[in-house]
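Per the working numbering, the sequence shown runs over residues 3 to 341.
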Amino acid sequence: MNGSAKPDILLTGSTGLVGARLLLDLRMRGHSVRAFRRPTSSMGVVNRMFRGQESLLEGVDWFEGDLLDLYDINEALSGIRFVFHAAALVSFAPSDRDLLLRVNKDVTADLVNACLELGVEWLGYVSSVAALGRTDEGVPVDENTFWKTSRYNTAYAISKYGGEREVWRGMEEGLNACMVNPTIVLGPGDWNFGSSALFRRVYEGLRLYPLGSTGFVDVRDVSSALLRCWDQRITGERFLLSSENVGYKELLSWMSEGFGKEAPRIPVKPWMAGLAWRWESLFSSITGRKPLVTRETARSSGKQWVYRNDKARKVLGMDFIPVRESVLENCRIFLDSIR
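Structural data, given as structure tokens:
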């Protein structure tokens with residue numbers, strides 16, 4: 003399909019990190035895409051992702067609407083055969099619990115219902131390893147990990163688990179669908195938010211590092227994996243996407259290397275993490291700003307979480323970008339963006 007053809011692909015979350023990369027990769031393949039975005043969405047991540055390839059944006063059919071509005075969902079799906087659902091709210095603020103469930107669970111349910119009603123041929127869903135739940139510390143997590151109630155399950159995790167259940171329900175009702183569960187995604191996103199904000203924090207000077215470790219994956223690999231699922235029209239499956247399990251100390255030292263900065267040297271002890279989230283909670287209640295650290299994230303960042311990528315390697319043929327390579331590349335992009 004060429005860029006001027008009528009789009010038969012709908013992409014939600016098109017202005018976010020994963021969505022913007024999917025949009026670029028689809029356009030590089032020559033596909034016309036209907037990209038769902040809110041009227042107030044910033045185009046900063048999209049513009050950064052398409053830097054040097056701006057002409058590819060000409061083949062994008064931008065649909066401005068609200069996924070909380072069923073009418074907008076149905077209108078956006080007109081003439082669509084394939085859907086990539088990358089839209090999500092990422093927040094660890096306790097005050098966002100209800101909104102997380104509405105956006106990540108209920109919107110997914112509405113989209114699944116509309117896909118079933120309108121005969122969409124295939125749905126690709128960007129989930130999260132958070133939806134797989136937690137094992138005991140140090141025990142590897144994979145696609146077969148059974149969800150269980152845990153104090154380490156954040157409101158975000160619960161909402162993404164709910165979204166996954168809606169996709170599974172849709173598959174039981176006849177929808178062809180597949181999902182990917184990335185670990186922490188590294189890429190040139192909003193430097194003030196999420197995993198991308200780590201780059202700015204290190205660039206500005208960071209002395210502390212958490213004692214834990216977790217999985218990381220480059221956004222290019224997340225997009226590649228989902229497109230491989232689509233190419234093969236895989237349905238009824240999910241794939242955990244993680245390049246490597248890396249300690250935060252090592253990750254932050256690579257970021258420091260990329261910026262020519264001194265690496266963090268002070269480990270965050272449990273009592274320090276406890277003080278941090280309590281201070282952030284108080285500061286948030288006074289200023290109205292979202293807390294940078296919550297009780298849930300403080301607990302989690304001190305643990306050793308292990309993720310396995312065997313299935314993605316075997317079934318999809320994934321050869322993941324090493325985390326250090328991803329970090330150094332994104333340091334370069336960050337430096338270019340502030341010059």
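For glycine and all other residues, C-beta sits at the position ideal for the given N, C-alpha and C.
- Within the region 86-138, the runs of beta strand (DSSP E) that reach at least 3 residues and sit entirely inside it are, in chain order, 124-128.
- Annotation for Ser161: Leu102, Leu103, Asn106 and Lys107 place their beta carbon closer than 7 angstroms to its own, counting only its chain and skipping 5 residues before and after.
- Going by beta carbons, Gly189 and Asn311 fall outside the 9 angstroms limit.
- Leu13 and Val35 have their alpha carbons spaced roughly 7 angstroms apart.
- In this structure, the CA atom of Met320 is about 34 angstroms from the CA atom of Arg267.
- DSSP, reduced to helix, strand and coil, places Asp220 within a strand of the structure shown.
- Only buried fits Thr110, as 16 or more other CB atoms lie within 10 angstroms of its CB.
- With a cut-off of 8 angstroms on Cβ pairs, the region 47-57 is not in contact with the region 152-167, counting fewer than three such pairs.
- The DSSP-derived three-state label of Pro272 is helix.
- Assignment of Trp170 by DSSP, reduced to helix, strand and coil, places it in the helix class.
- Ile75 carries a helical assignment under DSSP once its states are collapsed to helix, strand and coil.
- Within the model, the alpha-carbon separation for Asp71 versus Val128 is close to 20 angstroms.
- Non-local C-beta neighbours of Ala88 in its own chain, meaning closer than 7 angstroms and more than five positions away in sequence, comprise Leu13, Thr14, Gly15, Gly18, Val20, Gly21, Leu24 and Val128, ordered along the chain.
- Gly172 is a Cβ neighbour of Val114, given a cutoff of 9 angstroms.
- Inter-residue distance for Asp100 and Leu208 is about 33 angstroms (C-alpha atoms, whole angstroms).
- A straight line joining the alpha-carbon of Ser302 with that of Arg136 spans about 10 angstroms.
- For Glu145, there is no enclosing beta strand (DSSP E), as DSSP marks it with neither H nor E.
- Per the Cβ contact rule, the region 199-218 is in contact with the region 250-258 (3 or more Cβ pairs under 8 angstroms).
- In this structure, Ser130 sits near Asn183, with a CB-CB distance shorter than 9 angstroms.
- Around the beta-carbon of Gly165, 16 or more other beta-carbon atoms lie within 10 Å, marking it buried.
- DSSP assignment within the region 189-248 yields the following whole alpha helix (DSSP H) runs of 4 residues or more, N-terminal first: 199-206 and 221-233.
- Residue burial is scored here from C-beta neighbours: Pro272 has fewer than 16 other C-beta atoms within 10 angstroms and is therefore classed as exposed.
- CA-CA distance, Val62 to Arg83, rounds to 16 angstroms.
- Check the Cα spacing between Phe94 and each of Glu77, Ala132 and Leu118: the tightest is with Ala132.
- Within a 10 Å sphere around the beta-carbon of Thr216 sit 16 or more other beta-carbons, which makes this residue buried.
- Assigned with DSSP and collapsed to three states, Asp10 falls in coil, not helix or strand.
- In the three-state reduction of the DSSP assignment, Val308 falls in the coil class.
- Residue range Val62 to Glu66 is occupied by the beta strand (DSSP E) that includes Phe65.
- Asp98 and Val92 have their C-alpha atoms spaced approximately 9 angstroms apart.
- Less than 9 angstroms separates the beta-carbon of Cys180 from that of Gly126.
- Taking the C-beta atoms as reference points, Asp192 is found no nearer than 9 angstroms to Ile323.
- Beta-bridge analysis with DSSP links Ala179 to Leu125.
- Comparing alpha carbon positions, the residue from Asn146, Val270, Leu134 and Pro142 closest to Ser152 is Leu134.
- Between Phe86 and Ile11 a beta carbon distance of about 7 angstroms is seen, short of the 8 angstroms cut, so the two are scored as contacting.
- In the structure shown, the three-state DSSP call for Ile186 is strand.
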